[in-house]
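Participant: Sharing a structure, written as structure tokens. Questions coming.
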Amino acid sequence: MDIQEKLTILAMSAKYDVSCSSSGSRRENSPGGIGNAANCGICHTWSDDGRCISLLKILMTNNCIYDCAYCVNRSSNDIPRTAFTPEEIADLTINFYRRNYIEGLFLSSAVFRSPNYTMEMVIRAVELIRIRYRFNGYIHIKAMPGADRALIQKAGLLVDRMSVNIELPSQKSLEYLAPQKTKRDILSSMNEISTSITANRGERKKAKKAGPRLPRFVPAGQSTQLIVGASPEKDSRIIKLSESLYDKLFLKRVYYSAFVPVSADSRLPVLAPPLRREHRLYQADWLLRFYGFTADELFNGEDQDLDPDIDPKFSWAIRNLHKFPVEINKADYEMILRVPGIGVKSANRIIRVRRVTQLDFDDLKKIGVVLKRAKYFVICRGKRFDNTAYNESAIKSNLLAGENGPKGSARQLLLFNERLALPDPDPSASAITGEL
Amino acid sequence: MLYYLHDGSFYGLMTAINESITRGQHAIEFLGQGAPAGDLFGDYITVSPDEAQSEKLLQSIRSRMGGEALANVMYCYLSEAANAGSLIHNYIRAGLKIGKNIDSHLTDENVKPLHDTVFKVKKESYRMLGLVRFRLVENNLYYAAIEPDHNITALIAPHFSRRLADQNWLIHDTKRNIAARYDRRAWDIIEINIDRAPRDSDRELFYQGLWKSYFKNIAIGERKNPRLQRQFIPRRYWKNLVELS
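In structure tokens, the structure reads:
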């Protein structure tokens, strides 16, 4: 099989791993080397599904010994199987990089022969690129659950990000849909990566004073992926899981991937990808990471799904009207951040302008605040925006009428028929961001 | 209406602005080369670039308004917006009065329009870091053509000189007939006029084909979303992208 065919097969097999980031690591070029890594990450292009492409995302091989129900590469699927050689991967990566098509490489793999054997293959490819080709661009690899500590240690010193995909949000679902991957193996690999990152950072800090810098271990941190809609867990379960991953394992990012049926299996639902649900989960995730929310606040402590019609920030605000209105000229940053229509950028701008002048609603508009939402929740110099009624039902109906128009009511009716995912008219519901 | 005519260079504009500020003038527009002087009732003053005067003004901007403000002035100039001159003029007049806090006055009518223009320039410059596409052409040169809205070629050159340090490259702004050139030692900006497109090397189409194929296969068909795609890369950039042209 030539490299063109391999690239077609092994890119198509890799696309359901939605991680797209090339950020989080600042790597300098070396004398005689090629490449560097920008801390902010750089998007190079956007695919037809609207997602950013910044890395060459491929599998080392799609020949898998496991038979996970949701995966296109499952062993019982009748698809062409192949594998790259390390040289082929290097050839593609370096030549794409020189043309500025990519920031670097995302190398995942099906599990071939064993987790250890697969990781050794991956490490061989990465070593070739880093050492022989002197490549200093971004590299993200997947760790195989259950691989030896020593292999994870070796790999971590070569790459910018290393991740393990949890895919299913509970042990029960894992046992049901992917019985060959145990929760224990997945968590122990993630824990191994996490503790090594922390240990490495500590050692580097100490060594800094002594002399030459120690090599970094996974400087861009760890991430993971959860499939949305393949298993019955509610959004609260998913977000609580993310919350503990952020708090306890210091993960950089959890990705949520709307389930796309790729093979017939009676254990899996048949539905269109739940894009709106995925979008709400990203919004909830952003609230955890950037807005100081806890999972309990978002779900009122109950096991339930997020409201599909209203974003979680707005939903929290109308359930907590007693905390508002916020005086924009006096309130602290954390409370300003809680106002729907005010994002992190606007909140920072408000703080900055406040040092030199008092703000009114006109100023808020200029700063970039979405007054259509924020007007219910803020006052400027003691004054409200207008005379709109401020109780929960009035605000809700005002917002829904404005945003969804006549389509909103149609969606309401269908929602009573279980969780049917509808083709989504809102283009932003496909973007992998939760910015509110 | 008072019009200052200058030669379009940075020093040309700075000299004109310096003149107007020293004379305490108002209601001004600054016109570079090629701008139509069509106002029958306007007063026109022509100014030649004066390096010493300009440097003096730039110095006072730095000391009174800060380094960030000076950078903002330069970014605004690179925008090549028709009103860039008056934006800068109003900004400087306000800044010389207000001082180092000038950039905190985000909503001020003399500050916000300039900030908005600066943002456009920075945004395009950052976006270009990802959108530049090189081709390996004759003489072992990696050649890229770009058509940016703003004059950002010099802003992106340092990034590529660090990243692609071991290859000869040229980034050609086909709108402005200038290019950033790197010879594996240092980069500079040159004027350039080419009569034919550079010839691709032997393997160039092979790698382009691989990239196009990868680009098609990495999309999840069930999530197709052309509107979102266009939101992220506006169509006007597609011409110079291998995968979308």
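Chains as they are written, first to last, in this note's numbering: chain A, 1 to 436; chain B, 1001 to 1245.
Built from N, CA and C at the ideal position, the CB exists for glycine as well.
(1) For a contact meaning CB atoms closer than 7 Å, what does Trp-46/A contact in chain B?
(2) Output yes or no for whether 8 Å exceeds the beta carbon distance between Pro-219/A and Ser-30/A.
(3) Taking Pro-1158/B as the query, report the chain A residues whose CB atoms sit under 8 Å from its CB, ordered along the chain.
(4) In terms of alpha-carbon separation, which member of Ala-1145/B, Asp-1149/B, Asn-1140/B, Trp-1187/B lies closest to His-1159/B?
(5) According to DSSP, is Ile-122/A part of a helix, a strand, or is it coil?
(6) Check the C-beta distance from Val-1047/B over to Tyr-1004/B and give it rounded, since I have them as a contact under 8 Å.
(7) How far does the alpha helix (DSSP H) with Met-1065/B in it reach, from first residue to last?
(8) Would you report the Cα separation of Glu-327/A and Tyr-291/A, rounded to the nearest angstrom?
(9) Is the separation between the beta-carbon of Ile-1088/B and that of Leu-1057/B shorter than 8 Å?
(10) Helix, strand or coil: how does DSSP classify Met-1014/B here?
(11) Return the residues of the region 331-351 of chain A that lie within a Cβ-Cβ distance of less than 7 Å from chain B, sorted by chain order.
(12) Please classify Gly-405/A as buried or exposed, where buried requires at least 16 other C-beta atoms within 10 Å of its C-beta.
(13) Any C-beta of chain B within less than 8 Å: which residues of the region 5-18 of chain A qualify?
(14) Check whether the Cβ atoms of Ser-242/A and Val-228/A lie closer than 8 Å to each other.
(15) Just the chain B side, please: which residues come within less than 8 Å of Val-353/A by C-beta, in chain order?
(16) Do you know offhand how far Ile-238/A's Cα is from Glu-1243/B's?
(17) Strictly under 8 Å for the Cβ-Cβ distance: is Asp-1032/B near chain A by that measure?
(18) Secondary structure at Val-1137/B, three-state DSSP: helix, strand or coil?
(19) Could you tell me the distance, in whole angstroms, from the CA atom of Thr-61/A to the CA atom of Ala-110/A?
(20) Report the CB separation of Ile-1220/B from Asp-49/A in whole angstroms; it is logged as a contact under 8 Å.
(21) Please name the residue, chosen from Pro-232/A, Ala-90/A, Met-162/A, Asn-136/A, that lies closest to Ala-147/A on a Cα-to-Cα basis.
(22) Give a yes or no on contact between the region 1189-1207 of chain B and the region 8-23 of chain A, applying the rule of three or more CB pairs nearer than 8 Å.
(23) If I measure Cβ to Cβ from Ser-75/A and keep anything under 7 Å in the same chain, skipping five residues before and after, which residues do I get?
(24) Residues in its own chain within less than 8 Å of Leu-413/A by CB, not counting five upstream and five downstream?
(25) Report the rounded CA-to-CA distance for Phe-324/A versus Val-378/A, giving the unit in angstroms.
(26) Within the continuous beta strand (DSSP E) that includes Thr-1046/B, where are the two ends?
(27) Please state the DSSP three-state secondary structure of Ala-199/A.
(28) With a 10 Å radius around its C-beta and 16 neighbouring C-beta atoms as the bar for buried, classify Glu-435/A as buried or exposed.
(29) Tell me whether the beta-carbon of Leu-1070/B lies closer than 8 Å to the beta-carbon of Arg-352/A.
(30) For Ile-1061/B, would you say it is in contact with chain A, using Cβ-to-Cβ distances shorter than 8 Å as the test?
(31) Do the region 383-402 of chain A and the region 252-271 of chain A touch if we need at least three Cβ pairs shorter than 8 Å?
(32) State the CB to CB distance for the pair Leu-1284/B and Ile-94/A, rounded to an integer number of angstroms; the pair is presumed to be in contact (CB under 8 Å).
(33) Less than 8 Å separating the beta-carbons of Lys-396/A and Ile-318/A?
(34) Since Pro-273/A meets chain E, which of its residues come closer than 9 Å, beta carbon to beta carbon?
(35) Would you identify the three-state DSSP class for Arg-411/A, choosing helix, strand or coil?
(36) In whole angstroms, what separates the C-alpha of Arg-384/A from that of Lys-375/A?
Facilitator: The relevant details are as follows:
(1) Result: Gln-1229, Phe-1232, Ile-1233.
(2) Contact annotation: Pro-219/A and Ser-30/A have beta-carbon atoms that are not nearer than 8 Å.
(3) Within chain A, not a single residue places a beta-carbon under 8 Å from that of Pro-1158/B; the smallest gap is close to 12 Å.
(4) Among Ala-1145/B, Asp-1149/B, Asn-1140/B, Trp-1187/B, the Cα nearest to that of His-1159/B belongs to Trp-1187/B.
(5) For the record, residue 122/A in the displayed sequence is Val; it is not Ile. Collapsing the DSSP output to three states places Val-122/A in a helix.
(6) About 6 Å separates the CB atoms of Val-1047/B and Tyr-1004/B; that is less than 8 Å, so the two are in contact.
(7) Taken as a continuous stretch (DSSP letters only), the alpha helix (DSSP H) holding Met-1065/B covers 1051-1065.
(8) A direct Cα-Cα distance of roughly 18 Å separates Glu-327/A from Tyr-291/A.
(9) No, the Cβ-Cβ distance between Ile-1088/B and Leu-1057/B is not below 8 Å.
(10) Assignment of Met-1014/B by DSSP, reduced to helix, strand and coil, places it in the helix class.
(11) Under the 7 Å Cβ criterion, the region 331-351 of chain A contributes Arg-349.
(12) Residue confidence for Gly-405/A is low, a pLDDT of 41 falling below 50, so the modelled location carries little weight and cannot support an answer.
(13) Taken in chain order, the members of the region 5-18 of chain A whose beta-carbon sits within less than 8 Å of a beta-carbon on chain B are Leu-7, Thr-8, Ala-11, Met-12, Ala-14, Lys-15, Tyr-16.
(14) Contact annotation: Ser-242/A and Val-228/A have beta-carbon atoms that are not nearer than 8 Å.
(15) Within chain B, the residues near Val-353/A are Ser-1104, His-1105, Leu-1106, Thr-1107.
(16) For Ile-238/A and Glu-1243/B, the distance between alpha carbons rounds to 36 Å.
(17) The residue asked about is misnamed: residue 1032/B is Gly in this sequence, not Asp. Answer no: the Cβ-Cβ gap between Gly-1032/B and chain A never drops below 8 Å.
(18) Correct three-state label for Val-1137/B: strand.
(19) Going by the C-alpha atoms only, they are around 6 Å apart.
(20) Contact holds; Cβ gap of about 5 Å.
(21) For Ala-147/A, the nearest C-alpha among the options comes from Met-162/A.
(22) Not touching, per the Cβ criterion.
(23) Cys-64, Ile-65, Tyr-66, Asp-67.
(24) At Leu-413/A, the pLDDT of 35 sits below 50, so the modelled position is not reliable and the matter cannot be decided from this model.
(25) Phe-324/A and Val-378/A: Cα-Cα distance of roughly 7 Å.
(26) From DSSP, the beta strand (DSSP E) with Thr-1046/B extends over 1043-1046.
(27) Helix, per DSSP.
(28) Its Cβ having fewer than 16 others within 10 Å, Glu-435/A is exposed.
(29) The answer is no: Cβ separation not under 8 Å.
(30) Not closer than 8 Å to any Cβ of chain A, the Cβ of Ile-1061/B fails to qualify, so no.
(31) No, because fewer than three Cβ pairs between the region 383-402 of chain A and the region 252-271 of chain A fall closer than 8 Å, the two stretches do not touch.
(32) The requested residue 1284/B is not part of the displayed model; chain B covers only 1001 to 1245.
(33) Yes. Within cutoff.
(34) This model lacks chain E altogether, as its protein chains are A and B.
(35) Confidence at Arg-411/A is low in this model, with a pLDDT of 38, below 50, so the placement of that residue should be treated as unreliable; the coordinate-derived value is given next. Helix at Arg-411/A.
(36) Distance between the alpha carbons of Arg-384/A and Lys-375/A: 8 Å.
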